[in-house]
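Residue numbers (my numbering): 4 to 116.
As structure tokens, the structure follows; a few thoughts come after it.
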Amino acid sequence: MILIINKFILKKGFLGISIWPFVILRDEKLKEDPVFMNHEKIHLQQQLEMLILPFYIIYILEFLLKYTYYGNAYLAYRNISFERESYQQEANLLYLKKRKIWSWVNYLKIASK
């Protein structure tokens, strides 16, 4: 993991993003937040196990499908399977030690509106 701290790279409203092997943070203080960093590390693991490029293809397709379903960009984003896994497991700091490969598949459902 290579950390980059730069408030100008990220769009307003975004605190961080993982683009393997980089984690880009808006603020230096975020690297001291174990829950936030665990969320981003889960994304790095998802990207790596999918050989990187397929992760982004599925991420974008899932966003577009869910945006069509929800009609709301935030709801679509929060319901992407990769995000659902990361948000639900971010506080579990031992998650990556026990996480099984392709665990994100367990989060591939459409939540109710």
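The C-beta atom is built at its ideal place from N, Cα and C for all residues, glycine as well.
What does DSSP give as the partner residue(s) for residue i in the beta ladder?
| i | result |
| --- | --- |
| Gly19 | Leu28 |
| Leu6 | Val26 |
State the Cα-Cα distance for the pair residue i and residue j, rounded to the nearest angstrom.
| i | j | result |
| --- | --- | --- |
| Val38 | Asn82 | 19 angstroms |
| Leu51 | Trp23 | 7 angstroms |
| Val108 | Leu78 | 19 angstroms |
| Tyr98 | Phe11 | 31 angstroms |
| Glu35 | Leu64 | 32 angstroms |
| Leu33 | Met40 | 7 angstroms |
| Arg102 | Lys15 | 32 angstroms |
Using a Cβ-Cβ distance under 8 angstroms, would residue i count as near chain D?
| i | result |
| --- | --- |
| Ser89 | Structure shown: chain D not included; a single protein chain is present. |
For residue i, does the count of other Cβ atoms within 10 angstroms reach 16, so buried, or fall short, so exposed?
| i | result |
| --- | --- |
| Tyr62 | buried |
| Ile184 | Outside the shown range of the chain, which is 4 to 116, sits residue 184, and nothing can be said about it. |
| Met53 | buried |
Please determine if the segment 22-33 and the segment 65-73 are in contact, where contact requires at least 3 C-beta pairs separated by less than 8 angstroms. Contact between the segment 22-33 and the segment 65-73 is absent: fewer than 3 CB-CB pairs across the two stretches fall below 8 angstroms.
Enumerated in chain order, which unbroken segments of the alpha helix (DSSP H) with a length of 4 residues or greater are wholly contained in the segment 37-105? 37-52, 56-73, 76-81, 84-92, 98-101
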